[in-house]
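To convert a position in the sequence shown, counted from 1, into my numbering, add 160.
Every residue gets a Cβ at the ideal spot worked out from N, C-alpha and C, and that includes glycine.
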Amino acid sequence: ELSEHIIVASRFTADTLKEAPLSLPTPHIIPYGCPPTREAVTPQGDASKPLKVLYVGGLSQRKGVAYLLDAVAALGSSVELTLIGKRVGECTPLDAALQKYRWIDSLPHSGILEVMREHDVFVFPSLFEGFGLVLTEALSQGMPIISTHHTCAPDIIEDGREGFIVPIRDAGAISEKLSLLNEDRDRLQQMREAALQRARTMSWQLYKDGLVQAAK
């Protein structure tokens, strides 16, 4: 209540402050930066191979994991799913999915970026997320992202260009976008290149400059 400036990293976070029972200054929305980008994305290989889908994050329903699993199950053998993240509790359906799909419990940051370069699409269907640094990491490796309005996605991508923004709790929407990219590999390649271009415009120096401007 005593603040003169409030700085947040996403519109979603800014919107949550509207619920505060007091008068607050209008937040400055300054998205975080991307890691150093890869030099280029390699051309797509055999389009007859399954679409390689990646998720990185805690394996909890707060992250919308169940909706991702339902979306992938609906597409059958046309997609291959890799999940990187720790289990956060006992869950029989999740345990079954971890047996069915490729699961990596944990990797160092460099290892996650390496795995990102091996995949086609990054899906992060979180129900509420202050930002979601994994999304900027995915962009930096030339990965189109599929995420929700309840993350930083609306602040860092244009829907349909570097990825897609879908409603929360909507497995059908995720499945639809994955199917579209699986069937149109030329568009997938265009979106991979657009993701890399977008990441190059989102440096941590730009974030630093934004903080300085906001504090003036």
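Considering only DSSP beta bridges, list what residue i is partnered with.
| i | result |
| --- | --- |
| residue 319 | 323 |
| residue 214 | 242, 282 |
| residue 188 | 167 |
| residue 264 | 244 |
| residue 306 | 283, 324 |
Got a sec? Which residues, its chain only, sit under 6 Å from residue i by beta carbon, not counting five neighbours each side?
| i | result |
| --- | --- |
| residue 214 | 242, 279, 282 |
Note down, in chain order, each residue of its chain lying with its Cβ closer than 8 Å to the Cβ of residue i, except the 5 sequence neighbours on either side.
| i | result |
| --- | --- |
| residue 210 | 237, 238, 239, 240, 342 |
| residue 326 | 285, 306, 307, 308, 333, 334, 337 |
If we ignore side chains and look at the alpha-carbon of each, how far apart do residue i and residue j end up?
| i | j | result |
| --- | --- | --- |
| residue 232 | residue 264 | 17 Å |
| residue 172 | residue 184 | 16 Å |
| residue 287 | residue 320 | 20 Å |
| residue 345 | residue 339 | 10 Å |
| residue 371 | residue 189 | 10 Å |
| residue 202 | residue 350 | 11 Å |
| residue 324 | residue 317 | 8 Å |
| residue 352 | residue 302 | 5 Å |
| residue 235 | residue 266 | 26 Å |
| residue 359 | residue 304 | 11 Å |
Leaving out the 5 sequence neighbours to the left and right, which residues in its chain are closer than 7 Å to residue i when beta-carbon positions are compared?
| i | result |
| --- | --- |
| residue 216 | 244, 245, 272, 294 |
| residue 218 | 245, 246, 248 |
| residue 314 | 171, 325 |
| residue 228 | 215, 283, 285, 334 |
| residue 290 | 169, 170, 173 |
| residue 259 | none |
For the stretch 353-370 against the stretch 192-206, do three or more pairs of beta-carbon atoms, one drawn from each stretch, fall closer than 8 Å, so that the two count as touching? yes
Within the stretch 219-254, note down every full beta strand (DSSP E) run reaching 3 residues or more, in order along the chain. 239-244
Within the chosen definition, does the stretch 249-261 reach the stretch 308-322 through at least 3 CB pairs nearer than 8 Å? no
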